[in-house]
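Student: A single structure is presented below for examination.
There are 2 protein chains.
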Amino acid sequence: MSTVEIEKTAMLLKLLGDKTRLTMVKILDSHDCCVCEFVEMFKMSQPGVSQHVRKLKDVGIVSETRRGQWVIYSLNKQSEYYPFIQDLLNHLPSQDFKLLELEEQGLRISCD
Amino acid sequence: MSTVEIEKTAMLLKLLGDKTRLTMVKILDSHDCCVCEFVEMFKMSQPGVSQHVRKLKDVGIVSETRRGQWVIYSLNKQSEYYPFIQDLLNHLPSQDFKLLELEEQGLRISCD
DNA sequence: TTATTATATAAGCAAATTATTATATAAGAA
DNA sequence: TTCTTATATAATAATTTGCTTATATAATAA
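Line by line, the protein sequences give chains L and H. If you're matching positions, the first sequence starts at 1 in the UniProt record's numbering and goes up one per residue. If you're matching positions, the second sequence starts at 1 in the UniProt record's numbering and goes up one per residue.
Shown next as structure tokens:
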């Protein structure tokens, strides 16, 4: 069982204590995504999405790779928080239906 | 593995994404406490503490029992969130040293 | 009864959060 | 080069949060 000190944990829980970011992380746990996919999924402005993923990136729980015009985000399995996050996500129902909706609309970009 | 829907989980994580409340819950996991003990532990005003425990009570993760003048708070093991919270708390280092400090000052009230 | 102790509630305020629109930057296509 | 697409950053506004002080309520002791 990985242990994370209490202040860091509080910070992490606050970060994940937002419906949008929590759903993002749950989705990234099984599929990489780019910003424009999240924009569709969450019906949110592109800067809004960018700000959320930046917060996730700032604490190192997601990482990015540029692929042409797109920046692909994925869960950072090297993060010190990864085991903790895994445990947490296991309690959440799959959000893959959101990806399926995207595919049905022909709006899926990343192929992972 | 207990599953909690994503919106409720986000709400719960936001609630626990505060250092004071997270520490309270970690302590309550092993020992019941009253408000005045928390006031000492967190060097915070009594209304400040009361407001934190009320938030925890409002979503049902802690319960209260009056014992004379004191109101004793404990983790509510019947909460739908209890299994989730247990998993989460297992990643946290014990905060019992805070209780020991209280005892050394002769300020421990509840005996559980 | 009055005084004391423990807790809760109300009001106020500064700081943080989450969204928006406007604009800048980066990559690829024409 | 210019145009389009994808993303990031800046500035701003509305809301929420987390504390404080002042006050109310509840239980016990004198």
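Heads up, the beta-carbon is just placed ideally off N, CA and C, and yes, glycines get one too. The structure displayed is predicted, hence computed values, not measured ones.
By alpha-carbon positions, which one of H:69, H:5, H:84 ends up nearest to residue 36 (chain H)?
Tutor: Per the Cα distances, H:69.
Student: Give the single residue among H:16, H:44, H:5 whose Cα lies nearest to the Cα of residue 8 (chain L).
Tutor: Nearest option by C-alpha distance: H:16.
Student: Look at the alpha carbon of residue 107 (chain H) and the alpha carbon of residue 25 (chain H), and state the distance between them as a whole number of angstroms.
Tutor: Computed Cα separation, rounded: 19 Å.
Student: Alpha carbon to alpha carbon, how far is residue 29 (chain H) from residue 6 (chain L)?
Tutor: Rounded to the nearest angstrom, the two C-alpha atoms are 14 Å apart.
Student: What does residue 95 (chain L) reach in chain H if we use C-beta pairs closer than 8 Å?
Tutor: Going along chain H in sequence order, the residues near residue 95 (chain L) (Cβ under 8 Å) are 6.
Student: From residue 3 (chain L) to residue 60 (chain L), what distance separates their C-alpha atoms?
Tutor: Their backbone Cα atoms lie some 17 Å apart in a straight line.
Student: Following the continuous beta strand (DSSP E) through residue 72 (chain L), name the residue where it begins and the one where it ends.
Tutor: Element bounds for residue 72 (chain L): 70–75.
Student: Please work out which residues of its chain come closer than 6 Å, Cβ to Cβ, to residue 41 (chain H), disregarding the five sequence neighbours upstream and downstream, and give them in chain order.
Tutor: Cβ within range, chain order: 98.
Student: Is residue 3 (chain H) helix, strand or coil by DSSP?
Tutor: It is coil, neither helix nor strand.
Student: Under the rule that 16 or more other beta-carbon atoms within 10 Å means buried, what is residue 76 (chain H), buried or exposed?
Tutor: Classification of residue 76 (chain H): buried, given that the 10 Å Cβ count is 16 or more.
Student: Could you tell me the boundaries of the alpha helix (DSSP H) in which residue 40 (chain L) lies?
Tutor: Segment 35–42, the alpha helix (DSSP H) holding residue 40 (chain L).
Student: Less than 7 Å between the beta carbons of residue 45 (chain H) and residue 63 (chain H), yes or no?
Tutor: No, they are not a contact pair.
Student: Thinking residue 95 (chain L) and residue 20 (chain L) are a contact (beta carbons under 8 Å), I'd like their distance in whole angstroms, please.
Tutor: Wrong, their Cβ atoms sit about 11 Å apart, outside the cutoff.
Student: Would you mind working out which of H:43, H:103, H:34 sits nearest residue 53 (chain H), comparing C-alpha positions?
Tutor: The shortest C-alpha separation from residue 53 (chain H) is found at H:34.
Student: Residues of the stretch 25–51 of chain L with a CB closer than 9 Å to any CB of chain H: list them in chain order, please.
Tutor: So the close ones are 26.
Student: Report the rounded CA-to-CA distance for residue 65 (chain H) versus residue 56 (chain H), giving the unit in angstroms.
Tutor: Answer to the nearest angstrom: the Cα atoms are 14 Å apart.
Student: Does any residue of chain H bring its CB to less than 7 Å from the CB of residue 90 (chain L)?
Tutor: At least one chain H Cβ lies under 7 Å of residue 90 (chain L).
Student: Residue 101 (chain L): which of L:89, L:82, L:43 sits nearest, CA to CA?
Tutor: Nearest of L:89, L:82, L:43 to residue 101 (chain L), Cα basis: L:43.
Student: Are the Cβ atoms of residue 12 (chain L) and residue 81 (chain L) separated by less than 7 Å?
Tutor: Taking 7 Å as the Cβ cut-off, residue 12 (chain L) and residue 81 (chain L) qualify as a contacting pair.
Student: Which one or two residues does DSSP pair with residue 123 (chain H) in a beta bridge?
Tutor: The first residue shown for chain H is 1 and the last is 112, placing residue 123 (chain H) beyond what the model contains.
Student: Where residue 86 (chain L) and residue 49 (chain H) are concerned, what is the direct C-alpha to C-alpha distance, given to the nearest angstrom?
Tutor: So the alpha carbons of these two residues sit roughly 31 Å apart.
Student: Name the chain H residues that come within less than 7 Å of residue 2 (chain L), Cβ to Cβ?
Tutor: Those within 7 Å of residue 2 (chain L) in chain H are 91.
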